[in-house]
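The structure under discussion appears below in the form of structure tokens.
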Amino acid sequence: MSFLSAELRQKILDYLPRYPSKQAATLPALHLVQDEMRCVPLEAVREIAGLLDLSPAELNDAMSFYGFFRGENHKLGKTRLWVCRSLACALRGGEELLTTMCQKLGVRPGGTTADGTITLEFAECIGVCEGAPAVLVNDEGRPDVTPDKVDALIEELRTRPPALHPTLATPPPRANTTSVP
0 MSFLSAELRQ KILDYLPRYP SKQAATLPAL HLVQDEMRCV PLEAVREIAG LLDLSPAELN
60 DAMSFYGFFR GENHKLGKTR LWVCRSLACA LRGGEELLTT MCQKLGVRPG GTTADGTITL
120 EFAECIGVCE GAPAVLVNDE GRPDVTPDKV DALIEELRTR PPALHPTLAT PPPRANTTSV
180 P
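Counting from 0, one number per residue, gives the positions in the sequence shown under numbering that gives the first Met the number 0.
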């Protein structure tokens with residue numbers, strides 16, 4: 000019996016023709032599962048490994064190398080909110096922003112709100128230095144987020160629908176069966 004839904008398995012299989020080997024689809028497969036389940040459960044790791052001709056240990060290595068993936072004991076909220084802690088953001092109030100968000104959300108960095116809507120994390124740099132202090136909402140950079148703007152941001156995030164990881168926003172094209180001259 001399959002742990003993943005037939006639809007999710009098919010989505011993973013639809014990505015395979017885009018890559019030179021099955022194993023190269025590891026990150027998209029993990030993102031697909033996490034976007035749907037808000038974590039990557041052990042049973043999903045085993046099943047993905049089988050689809051990609053990898054061992055579960057190889058998938059766990061990829062999950063632990065990239066900070067984006069969460070196991071079943073650390074389920075993500077529907078929105079992931081990253082607060083930048085780079086030098087530019089720190090000099091312009093990034094630490095105060097993180098402290099304010101922790102207080103308003105009632106979580107520490109890495110935690111998810113009780114209602115499951117927001118997971119708060121910090122990053123060393125999100126590449127929006129010109130707009131410090133900045134945050135990343137899923138994969139969207141938001142510049143000039145100051146503590147006085149936190150309440151409005153949290154309200155917006157609590158009411159918005161979850162977003163797919165950008166690599167998954169459009170389905171992969173079907174395999175091209177025609178040859179190129």
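For glycine and all other residues, C-beta sits at the position ideal for the given N, C-alpha and C.
Per the C-alpha coordinates, the member of K148, T118, L119 and I11 positioned closest to P132 is K148. If the five residues before and after C38 are omitted, its C-beta is found closer than 7 Å to the C-beta atoms of R69, G70, E71, H73, K74 and L75, all from its own chain and listed in chain order. Taken atom to atom, the span from the alpha-carbon of A5 to that of G105 is near 37 Å. One Cα belongs to L51, the other to T145, and the distance between them is close to 44 Å.
Straight-line measurement puts the Cα of G92 at about 45 Å from the Cα of F2. If you draw a straight line from the Cα of L90 to the Cα of R84, it is about 9 Å long. Taking C-beta atoms under 8 Å as the contact rule, A61 and T118 fail to qualify, at a distance of about 20 Å. As DSSP reads the structure, C83 sits in a beta bridge with A122. At a cut-off of 4 residues, the continuous stretches assigned as alpha helix (DSSP H) that sit fully inside the stretch 82 to 113 are 86 to 90 and 93 to 104. L7 is not a Cβ neighbour of V44, given a cutoff of 8 Å. Pairing P27 with V127, the inter-Cα distance amounts to about 25 Å.
Contact between E35 and R79 fails: their C-beta atoms lie close to 15 Å from each other, not under 8 Å.
In the structure shown, R69 falls within a coil segment according to DSSP collapsed to helix, strand and coil. Its chain contains L51, D52 and L53 as the residues whose beta carbon lies nearer than 7 Å to that of Q22, once the 5 sequence neighbours on both sides are disregarded; these appear in chain order.
With a cutoff of 8 Å on beta-carbon distance, I153 and G140 are scored as not near each other.
About 7 Å separates the beta carbon of T116 from that of L156, a gap short enough to meet the 8 Å contact definition. Residue state for R141 is assigned as strand, using DSSP reduced to three classes. Scanning its chain for C-beta atoms nearer than 6 Å, with the 5 sequence neighbours on each side dropped, one finds around D143 the residues G130, in chain order.
Taking each of H30, S63 and L97 in turn and checking the Cα distance to D150, the smallest one comes out for L97.
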